[in-house]
Each structure stands twice: as structure tokens, then as C-alpha cells.
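Structure first, commentary second.
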Amino acid sequence: MRYESITEAIGNTPLVRIDPAVHGLRHIDLYAKLELLNPFGSVKDRAAWNMARPGLAAAAEHGSQVVELSSGNTAKALAVIAGMHGLPFKSVTNRMRIPEIKDLLLLLGADIEELPGQSECLDPTNTEDPLTLFHRELSEPGSSYLHTDQYFNPRNTEAHATGTGPEIVKDLDGRAPDWFVACVGTAGSSTGVARVLREHDPRVQVVGLVAAKSDFIPGIRTLDEVHEVGLFDPATYDTVESVTSDEAIEGMLTLARRCGILAGPTGGAAYFGTVRHLGSLDAQLTESQQSDPGARRSAVFIVCDRIESYLSYTRRRRPDLFRQPPRRNDPADLTDAEVAAAPAVDTPDAQKWIERDRPLVVDLRSPFAYAALHIEGAINIVDELFDELVRGGLPFSTRQPVLLVCPVGEQSARYAALLTRMGHPDVRSLTGGVIAWRDAGAPLVRD
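Residue numbers for the sequence shown follow the numbering used here, so the first one is 267 and each next one is one higher.
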């Protein structure tokens with residue numbers, strides 16, 4: 267197979283049947299669409315090339331910079347594409363959370379700008395967020411940048427409506443699967459593929475997978491975050507379900523160890539969520555319904571990228587896999603009841619408490635979000651560092667009252683529950699986080 271350019275190798279990825287002995291489904295054939303075999307390593311190669319291609323000639327003529335709000339695979343693919351065409355590339359993000367991706371972007375010559383956004387995800391409705399303001403500047407007519415705009419560019423979805431979706435139908439001998447399961451990030455792949463599959467068979471069931479609240483799975487948004495993405499349409503999905511980071515890692519291990527598919531945690535989440543969703547449905551199917559081999563049900567999920575970029579992510583959550591001591595004082599070990607019972611305080615009462623008792627206010631957001639706006643007197647301990655601190659025991663004196671603050675109050679509630687379990691007598695979470703504090707008109711300061 268010969269190509270004139272590496273971009274010609276994007277797409278036409280294999281559709282691989284998963285051994286039923288691995289997934290345990292008796293009446294459903296399960297297939298993995300291996301997008302990790304795209305030349306730059308992920309499903310985002312398709313969208314990056316489709317979004318950038320129309321503007322590359324003009325960008326090269328004017329010496330424009332390619333810019334995208336991305337901290338992951340879209341940035342990686344665009345950095346390669348821009349470099350191939352002699353153009354500089356800038357990745358703009360609130361926070362680079364995967365060190366291997368950041369190092370690779372730097373190796374590829376990318377410029378990384380971490381703006382002091384107020385949340386971890388672009389929120390186009392928040393007109394005061396620096397990340398949103400920068401996005402609007404990039405999107406203005408006559409911009410000097412080549413802004414690919416993955417959150418709103420319809421060519422993101424089109425890349426999958428003309429490529430990924432038709433490839434699945436072709437490889438299933440002209441049929442659409444009964445179920446299509448996709449992790450939701452920008453929603454481009456799930457939207458584009460779902461559109462094509464339903465054109466072939468309106469009965470196709472589409473399952474969207476999001477990250478559990480206050481959890482982090484690279485490439486997947488939480489249910490709250492996904493509603494901020496311009497390409498997300500709830501009508502695309504028959505159901506939306508959440509997956510935890512631990513479940514994503516379990517799925518990733520199964521694909522790697524049992525199937526030889528070196529998927530990253532997003533692919534692991536897709537596999538785990540697919541098997542979980544189909545388990546009860548498979549049990550309802552009878553052998554008589556499957557007497558005709560041609561009538562067997564089928565399901566497809568997408569393996570988005572490769573495992574190698576997420577070794578530090580995996581080690582942090584599962585040190586036992588690397589023969590390291592087990593995690594101590596881990597918020598992931600909390601029960602839902604413990605989190606629900608975590609001591610919390612709303613904005614008016616928090617203001618009174620701060621004035622009266624002078625609690626230590628700990629802001630768990632990124633340094634950039636903290637610099638943008640924070641409660642006066644708060645100290646910034648980013649959540650990943652705070653996670654390391656609590657593993658060693660209580661990080662504060664039990665005589666010191668503590669107020670924990672995060673974007674919307676979910677993460678701080680988990681840590682408040684954990685510190686309470688560890689014996690701190692007076693630690694509270696700010697209900698609704700910085701967003702609720704801001705919306706209540708309470709004062710915030712800027713560094």
C-alpha cells in the first residue's frame with residue numbers, strides 16, 4: 267500500500283471482533299473500531315485533517331499560526347499537520363493534565379499557552395472567562411490565525427459522517443450495528459457516526475459515555491461539561507451513562523491483556539461502558555431469537571487512542587500495576603453516602619464563617635484559574651498536589667478550620683468527606699464552588 271503523503275493514511279482503520287470469551291456476551295457480536303491506528307495515533311486525526319485542510323494554503327501564504335483550544339489528541343494531530351506545511355502551531359488550554367502529551371507537543375515544536383480559565387472546560391456562555399474571550403477573538407472574521415475550532419466546527423462531525431461511519435457499515439457487510447457506543451468529548455465522532463448509522467437503520471441505539479462527576483478520564487467530559495460543547499446534541503443519544511476512571515483503567519487492561527489492543531483509558535472506558543450496558547440486554551435475548559446466524563445482534567465501540575501516553579495517569583491511580591505500594595487516603599475509595607454527607611457551607615454562610623473564624627481557604631483549581639479570580643486570602647493547592655498531600659496524612663492541624671473550594675463544589679466535597687474520615691473536626695466544602703460564589707455577587711480578587 268503506497269501513499270504520497272502520510273495524511274492519505276488517515277482513516278480506513280480496522281474493525282476488530284472482540285472474543286466473546288473476554289466480554290461474556292452470548293448473543294451480541296462486539297466490535298472495536300481501532301482509531302488508535304490512525305497515523306498520528308488517535309481518532310482526532312480525522313477531524314484535525316478535515317478541519318485544517320481547507321485553510322492550509324491561505325495560512326501558508328500569509329504565514330498564519332494554526333491555533334486550537336486543545337490539550338490532547340487534537341492538538342497533537344494539528345501540531346504534526348501544521349509542521350508538515352511549514353506553519354507554527356499553538357495549543358491553548360486551561361490546563362495540560364497529561365505530562366506525556368505536553369512533552370510530545372513541545373517535541374513537535376508546538377507553543378503551549380495555558381490561559382487562566384475559570385474552569386477546566388471551555389464554557390462559551392461565561393463571557394468573563396479568559397479562555398472564552400480568547401476563543402471569541404479567534405473566531406472573529408478576519409482573524410490572522412487558522413483556528414480549527416473543534417468545539418463548534420461542523421467539519422469535525424463531517425470527518426466521521428464521511429469516514430468513520432461509512433467504514434463501520436462497509437465492514438459489517440452493509441449493515442449498521444444494533445448499538446453504537448461512544449465516549450463524548452467534543453461530540454464530533456459520536457454525532458457524525460450516529461448520523462450515518464441511523465440513515466442505514468433508524469433503530470440503531472446510540473449510547474454516549476461521559477466521565478463520572480468530579481472524575482477525570484482523558485478525552486471524556488463530565489455530563490456538566492459536555493453541555494458546554496457546541497457540537498453536543500442530547501438528541502443524538504438514546505442514553506448517556508457515566509464511567510469512572512477506575513472502570514476506564516479496568517477496561518483498558520482488559521483490551522491490552524486479553525485482546526492485544528493497546529488502548530488508552532478512553533478506549534478502556536468505551537469497552538467497559540459497552541459491556542456493562544449490553545449485559546442486561548444480552549440476558550434478555552433468547553437462543554431462539556438467535557437461531558439464524560445472520561440475525562445476531564452487533565455492537566461497535568471506538569478505541570480512540572493508545573496506552574503509551576497515559577502511563578503516568580495510570581500509575582497515579584493504580585500504583586499496584588507498577589508494583590508500587592497501594593494508594594492511601596484516596597478520595598476514590600469514598601462511598602456516595604460519605605460524599606453526600608460531607609460538611610458543606612453555602613456562600614452567605616461561608617462569608618460569615620470566614621469573617622468570624624478565619625478558616626484556611628484552600629482553592630483546589632489550577633494555578634491559572636486561581637490567578638484569574640479567587641476568594642481573597644485563599645491559598646492555591648492544585649488538586650493533584652493536594653491528592654499527594656493527603657496520602658501522607660492530614661495536611662493541616664486539626665485546630666485549623668478549613669474551607670475547600672473548587673469550580674462547582676463537587677471535587678471539594680469529596681476531599682471534605684475524606685478529611686472528615688481522616689479525623690479533621692472542622693473542614694467544609696463550598697457548595698457550588700467558585701461559580702456559586704461568583705453568581706452570588708461575593709467578592710473575588712485577581713492576581
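For glycine and all other residues, C-beta sits at the position ideal for the given N, C-alpha and C. The structure displayed is predicted, hence computed values, not measured ones.
Query raised in the report: What residues match up with residue 445 in a beta bridge as DSSP calls it?
Result: Reading the sequence shown from its first residue, position 179 is the one you call residue 445. Beta-bridge pairing links residue 445 to 471, 565.
Query raised in the report: Mapping DSSP to helix, strand and coil, what is residue 578?
Result: As a first step, residue 578 is located in the sequence shown; it is residue number 312 there, counting from the start. Per DSSP, reduced to three states, the secondary structure at residue 578 is helical.
Report task. Run the CB neighbour count on residue 711, radius 10 Å, all protein chains shown included, and call it buried at 16 or more, exposed below. Result -> Here residue 711 refers to the residue found at position 445 when the sequence shown is read from its first residue. Within a 10 Å sphere around the beta-carbon of residue 711 sit fewer than 16 other beta-carbons, which makes this residue exposed.
Query raised in the report: Are the CB atoms of residue 299 and residue 322 nearer to each other than 8 Å?
Result: Residue mapping note: residue 299 aligns to position 33 of the sequence shown, counting from 1. Residue mapping note: residue 322 aligns to position 56 of the sequence shown, counting from 1. No, they are not a contact pair.
Query - Which residues DSSP lists as bridging residue 355, in chain order - result: Against the sequence shown, residue 355 aligns to sequence position 89. Bridge partners of residue 355: 332.
Query raised in the report: Taking only runs of the beta strand (DSSP E) that begin and end inside the stretch 654-706, which ones reach a length of at least 3 residues, in chain order?
Result: Every beta strand (DSSP E) stretch that sits fully inside the stretch 654-706 and reaches 3 residues is listed by chain position as 668-671, 693-696.
Query raised in the report: What number of angstroms, rounded off, separates the C-alpha of residue 446 from the C-alpha of residue 577?
Result: Here residue 446 is taken as the residue at index 180 of the sequence shown, counted from 1. Here residue 577 is taken as the residue at index 311 of the sequence shown, counted from 1. If I take the Cα positions, the gap works out to 28 Å.
Query raised in the report: Which whole-angstrom value is the C-beta distance of residue 304 and residue 340, which I expect to be below 8 Å?
Result: Numbered from 1 along the sequence shown, position 38 holds the residue referred to as residue 304. Numbered from 1 along the sequence shown, position 74 holds the residue referred to as residue 340. No, residue 304 and residue 340 are not in contact; Cβ-Cβ is about 12 Å, not under 8 Å.
Report task. Using beta-carbon positions only, say whether residue 572 and residue 338 come within less than 8 Å of one another. Result -> Here residue 572 refers to the residue found at position 306 of the sequence shown. Here residue 338 refers to the residue found at position 72 of the sequence shown. Going by C-beta atoms, residue 572 is not nearer than 8 Å to residue 338.
Query - residue 337 - containing alpha helix (DSSP H), residue span - result: The residue labelled residue 337 in the question sits at position 71 within the sequence shown. Boundaries cannot be given for residue 337, as no alpha helix (DSSP H) includes it and DSSP labels it neither H nor E.
Requested in this report: Could you tell me the boundaries of the alpha helix (DSSP H) in which residue 368 lies?
Outcome: Looking up residue 368 in the sequence shown gives position 102. Looking at the DSSP string, the run of the alpha helix (DSSP H) that includes residue 368 is 365-373.
Query raised in the report: With burial defined as no fewer than 16 other Cβ atoms inside 10 Å of the residue's Cβ, what is the status of residue 636: buried or exposed?
Result: On the sequence shown, residue 636 is found 370 positions in, with the first residue counted as 1. By the Cβ neighbour-count rule, residue 636 is buried, with 16 or more other Cβ atoms within 10 Å of its own.
Query raised in the report: When the distance is taken between beta carbons, is residue 539 closer than 8 Å to residue 518?
Result: The sequence position of residue 518 within the sequence shown is 252, counting from 1. The sequence position of residue 539 within the sequence shown is 273, counting from 1. For residue 518 and residue 539, no; Cβs fall outside 8 Å.
Requested in this report: State yes or no: is the C-beta of residue 623 within less than 8 Å of the C-beta of residue 667?
Outcome: As a first step, residue 623 is located in the sequence shown; it is residue number 357 there, counting from the start. As a first step, residue 667 is located in the sequence shown; it is residue number 401 there, counting from the start. Contact: yes.
Query raised in the report: Ordered along the chain, which non-local residues of its own chain (more than five positions away) have a Cβ less than 8 Å from that of residue 591?
Result: For the purposes of this step, residue 591 is taken as residue 325 along the sequence shown, with counting starting at 1. Excluding the 5 residues flanking it on each side, residue 591 has same chain C-beta neighbours closer than 8 Å at 585, in chain order.
Query raised in the report: Which whole runs of the alpha helix (DSSP H) in the stretch 487-546 are 4 residues long or more, in chain order?
Result: With a minimum length of 4 residues, the continuous alpha helix (DSSP H) runs that stay inside the stretch 487-546 are 489-492, 511-525.
**Report entry** residue 386 in three-state terms, based on DSSP
**Finding:** Residue mapping note: residue 386 aligns to position 120 of the sequence shown, counting from 1. Low confidence applies here, because residue 386 scores a pLDDT of 49, under 50, leaving its location unreliable and the question unanswered by this model.
Report task. Please determine, among 359, 345, 403, the residue with the shortest C-alpha to C-alpha distance to residue 375. Result -> Sequence index remark: in the sequence shown, residue 375 carries index 109 (1-based). Closest in C-alpha terms to residue 375, from the list 359, 345, 403, comes 345.
Report task. Take the Cβ of residue 269 as the centre, count every other Cβ of all protein chains shown within 10 Å, and call the residue buried at 16 or more, exposed below. Result -> Position 3 of the sequence shown, counted from the first residue, corresponds to residue 269. With fewer than 16 Cβ atoms within 10 Å of its Cβ, residue 269 is classed as exposed.
Query raised in the report: Which residue or residues does DSSP assign as beta-bridge partners of residue 572?
Result: For the purposes of this step, residue 572 is taken as the residue at position 306 of the sequence shown. DSSP output for residue 572 lists 529 as bridge partner(s).
Query raised in the report: If you draw a straight line from the alpha carbon of residue 587 to that of residue 477, how long is it in whole angstroms?
Result: Within the sequence shown, the letter at position 321 stands for residue 587. Within the sequence shown, the letter at position 211 stands for residue 477. Rounded to the nearest angstrom, the gap between the Cα atoms of residue 587 and residue 477 is 22 Å.
**Report entry** Within 8 Å, strictly: CB atoms of residue 423 and residue 497
**Finding:** The residue you call residue 423 lines up with position 157 of the sequence shown. The residue you call residue 497 lines up with position 231 of the sequence shown. Yes, the pair counts as a contact, with Cβ atoms nearer than the cut-off.
Query - Spatially closest choice to residue 320 from 419, 594, 272, by CA coordinates - result: Numbered from its first residue, the sequence shown carries residue 320 at position 54. Distances from the alpha-carbon of residue 320 to those of 419, 594, 272 put 419 closest.
Query raised in the report: CB-CB under 6 Å to residue 461, same chain, minus the five flanking residues each way: which ones, in chain order?
Result: The sequence position of residue 461 within the sequence shown is 195, counting from 1. Cβ within range, chain order: 427.
Report task. Thinking residue 605 and residue 706 are a contact (beta carbons under 8 Å), I'd like their distance in whole angstroms, please. Result -> By one-based count along the sequence shown, residue 605 stands at place 339. By one-based count along the sequence shown, residue 706 stands at place 440. Separation of the CB atoms of residue 605 and residue 706 is rounded to 23 Å, and the pair is thereby denied contact status at 8 Å.
Query - residue 298 - DSSP class collapsed to helix/strand/coil - result: In the sequence shown, residue 298 corresponds to position 32, counting from 1. In the three-state DSSP reduction, residue 298 falls in the strand class (E or B).
**Report entry** From 421, 360, 505, 491, residue whose alpha carbon lies closest to that of residue 448
**Finding:** To locate residue 448, count along the sequence shown from 1; it is residue 182. Looking at 421, 360, 505, 491, the one whose alpha-carbon comes closest to that of residue 448 is 505.
Query raised in the report: Per DSSP, which one or two residues make a beta bridge with residue 455?
Result: Taking the sequence shown and counting its residues from 1, one reaches residue 455 at position 189. Paired residue(s): none; residue 455 is not in a bridge.
Query raised in the report: In three-state DSSP terms, what is residue 283?
Result: Taking the first residue of the sequence shown as position 1, residue 283 is located at position 17. Three-state DSSP puts residue 283 in a strand.
Requested in this report: Go ahead and label residue 501 buried or exposed: buried means 16 or more other beta carbons lie within 10 angstroms of its beta carbon, across all protein chains shown.
Outcome: Start at 1 with the first residue of the sequence shown, and residue 501 comes out as number 235. Residue environment analysis places residue 501 among the exposed positions, since fewer than 16 neighbouring C-beta atoms fall within 10 angstroms of its C-beta.
Query raised in the report: With distances taken from CA atoms, which of 673, 441, 421, 412 is nearest residue 469?
Result: Walking along the sequence shown from the start, residue 469 turns up at place 203. If we check each option's Cα against that of residue 469, 441 comes out closest.
Query raised in the report: For residue 524, which residues from the same chain have a beta carbon less than 6 Å from its beta carbon, with the 5 sequence-adjacent residues on both sides left out?
Result: Residue 524 sits at position 258 when you count from the first residue of the sequence shown. Residues 288 of the same chain have their beta carbon placed closer than 6 Å to that of residue 524, with the five preceding and five following residues left out of the count.
Query raised in the report: Counting pairs of beta carbons, one from the stretch 628-643 and one from the stretch 357-368, are three or more of them closer than 8 Å?
Result: They touch, by the three-pair rule.
Query raised in the report: For residue 615, which three-state DSSP category applies?
Result: Counting from 1 along the sequence shown, the entry for residue 615 is found at position 349. Correct three-state label for residue 615: helix.
Report task. Could you check what DSSP says for residue 554 in three-state terms: helix, strand or coil? Result -> Stepping through the sequence shown from its first residue, residue 554 is reached at position 288. For residue 554, the predicted structure reports a pLDDT of 45, less than 50, and the residue's modelled location is therefore unreliable. A value from the coordinates is still provided. Of the three classes helix, strand and coil, the one that applies to residue 554 here is helix, per DSSP.
Report task. Pull up the distance between the alpha-carbon of residue 347 and that of residue 429, whole angstroms please. Result -> One-based indexing of the sequence shown puts residue 347 at position 81. One-based indexing of the sequence shown puts residue 429 at position 163. Distance between the alpha carbons of residue 347 and residue 429 is about 19 Å.
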